[in-house]
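*Asks:* Attaching a single structure in structure tokens format; questions to follow.
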Amino acid sequence: MICDNSSVAGITTSYEGVQQDLHVGNVILADCNMDCNCPTKIWDPVCGNDGLSYMSACLAGCETSSGTGINMVFQNCSCIQTPGNSSAVLGLCDKGQDCSMMLQYFLILSVVSSFIYSLSAIPGYMVLLRCIKPEEKSLGVGLHAFCTRVLAGIPAPIYFGALVDSTCLHWGTLKCGESGACRIYDSTNFRYVYLGLPAALRGSSYIPAFLILLILRKHRLPEKNASSETMLEAKFTGKENEGKEMDQNSKVLNDDELKTKL
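Written as structure tokens, this is what we have:
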């Protein structure tokens with residue numbers, strides 16, 4: 001249930017449509033657009049009728065255009081290798097109907113998983129409160145909130161953002177020349193970071209939970225044994241008391257009988 005990278009010439013595929021290694025580096029210029037003097041930092045993608053996307057109409061080698069706005073069509077594109085007239089339209093090429101359905105499945109699974117994970121919030125908070133002495137509950141809750149903010153709330157956006165940025169294949173450029181937003185990500189690595197990192201952090205959080213469970217079970221077992229022993233002692237003492245009372249009652253009856261006879 002995955003979607004592959006968009007086929008962008010010079011970034012994820014070659015201009016011949018062959019998949020290339022994403023870690024080698026972008027080969028944006030080719031023989032078909034070498035003489036066009038195209039800027040390599042502009043991101044205005046077009047979709048050719050060969051099924052490939054190009055960073056711009058210039059890098060696709062297009063010479064003429066017709067129409068205006070989103071209905072603009074570029075023609076006579078030297079980098080688009082199709083029989084007959086080669087043309088391109090604005091925007092990235094569609095990945096297919098399957099990828100649009102994958103988003104709906106992902107949203108449903110995200111909602112279900114978030115609901116299941118949230119079920120442990122209240123029990124976890126109850127365990128926290130029951131593990132602290134009554135006079136130290138306010139201090140414990142405060143330390144818990146402080147550690148959550150310091151160890152999770154502050155560093156998480158830093159390392160999470162750095163890992164997400166490491167999956168970028170092409171960065172945009174601002175007018176001042178500085179690096180802008182990421183234009184296209186490596187879908188495979190982005191998926192590993194976006195889903196794998198939270199899964200690893202949540203999985204590691206269950207380790208101390210299991211340790212706490214084992215510790216609590218060890219503390220509860222002696223209490224159960226002690227309570228069972230006290231119950232047995234109470235039963236035996238109760239039976240002994242009953243026996244003594246019966247003996248006393250029998251003696252009293254015997255004395256009464258003797259008195260009546262006399």
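By full-length UniProt numbering, the letter at position 152 of the sequence shown is numbered 152, and the numbering carries on one by one without gaps.
We put the CB at the ideal spot given by N, CA and C, even for glycine.
A quick note: this is a predicted structure, and the numbers were derived from the prediction, not measured.
Residue ranges of each alpha helix (DSSP H) run of no fewer than 4 residues wholly in the region 61 to 135, ordered along the chain?
*Replies:* Runs of the alpha helix (DSSP H) inside the region 61 to 135: 97 to 118 and 121 to 130.
*Asks:* Which two residues bound the contiguous alpha helix (DSSP H) that contains serine 179?
*Replies:* Unbroken run through serine 179 is the beta strand (DSSP E), 179 to 185; no alpha helix (DSSP H).
*Asks:* For cysteine 93, which of Ile207, Pro157 and Val46 has the nearest alpha-carbon?
*Replies:* Comparing Cα-Cα distances from cysteine 93 to each of Ile207, Pro157 and Val46, the minimum goes to Val46.
*Asks:* Based on the DSSP output, what are the partners of glycine 48 in its beta bridges?
*Replies:* BP columns for glycine 48 point to Ala88.
*Asks:* State the Cα-Cα distance for the pair glycine 140 and proline 134, rounded to the nearest angstrom.
*Replies:* Each residue's Cα considered, the two are about 10 angstroms apart.
*Asks:* At 3 residues or longer, and completely inside the region 135 to 168: list those beta strand (DSSP E) runs for me, N to C.
*Replies:* Here no run is fully enclosed.
*Asks:* Skipping 5 residues on each side, what residues in its chain have a beta carbon closer than 6 angstroms to that of valine 169?
*Replies:* The sequence given here has leucine at residue 169, not valine. Answer for leucine 169: Ile11, Ile184 and Asp186, listed in chain order.
*Asks:* Classify methionine 126: buried if its beta carbon has 16 or more other beta carbons within 10 angstroms, exposed otherwise.
*Replies:* Burial call: exposed.
*Asks:* Which residues does DSSP list as the beta-bridge partners of tryptophan 171?
*Replies:* DSSP lists Cys182 as partners of tryptophan 171.
*Asks:* Express the C-alpha separation of glutamate 63 and asparagine 76 in angstroms, rounding to a whole number.
*Replies:* For asparagine 76 and glutamate 63, the distance between alpha carbons rounds to 6 angstroms.
*Asks:* Just to confirm my understanding: we take valine 18, look at its own chain, exclude 5 residues before and 5 after, and list those with CB closer than 7 angstroms. What are they?
*Replies:* The answer is none, since no qualifying residue turns up.
*Asks:* Using the DSSP secondary-structure output, state which residues sit across from threonine 13 in a beta bridge.
*Replies:* Answer is Ala9 and Gln19, bridged to threonine 13.
*Asks:* Once you ignore the five residues that flank phenylalanine 190 on each side, which residues in its own chain have a CB closer than 8 angstroms to its CB?
*Replies:* Val164 and Thr167.
*Asks:* Quick one: Cα of leucine 52 to Cα of serine 86, how far?
*Replies:* Between leucine 52 and serine 86, the C-alpha separation is close to 12 angstroms.
*Asks:* Classify alanine 60: buried if its beta carbon has 16 or more other beta carbons within 10 angstroms, exposed otherwise.
*Replies:* By the neighbour-count rule (16 or more Cβ atoms within 10 Å), alanine 60 is buried.
*Asks:* Using alpha carbons as the reference points, say which of Ala57, Cys99 and Leu143 lies closest to asparagine 5.
*Replies:* That would be Cys99, whose Cα lies nearest to the Cα of asparagine 5.
*Asks:* Decide if asparagine 71 is buried, meaning its Cβ has at least 16 other Cβ atoms within 10 Å, or exposed.
*Replies:* Per the 10 Å Cβ criterion, exposed.
*Asks:* Starting from the Cα of serine 14, find the closest Cα among Val193, Gln81 and Cys131 and give me that residue.
*Replies:* Of Val193, Gln81 and Cys131, the residue nearest in Cα terms is Gln81.
*Asks:* Which residues in the same chain as threonine 40 place their Cβ atom closer than 8 angstroms to its Cβ, once the five residues preceding and following it in sequence are excluded?
*Replies:* Taken in chain order, the residues that qualify are Ile28, Leu29, Met55 and Leu59.
*Asks:* How many Å lie between glycine 67 and alanine 121 at the Cα?
*Replies:* When rounded, the distance between both Cα atoms is 57 angstroms.
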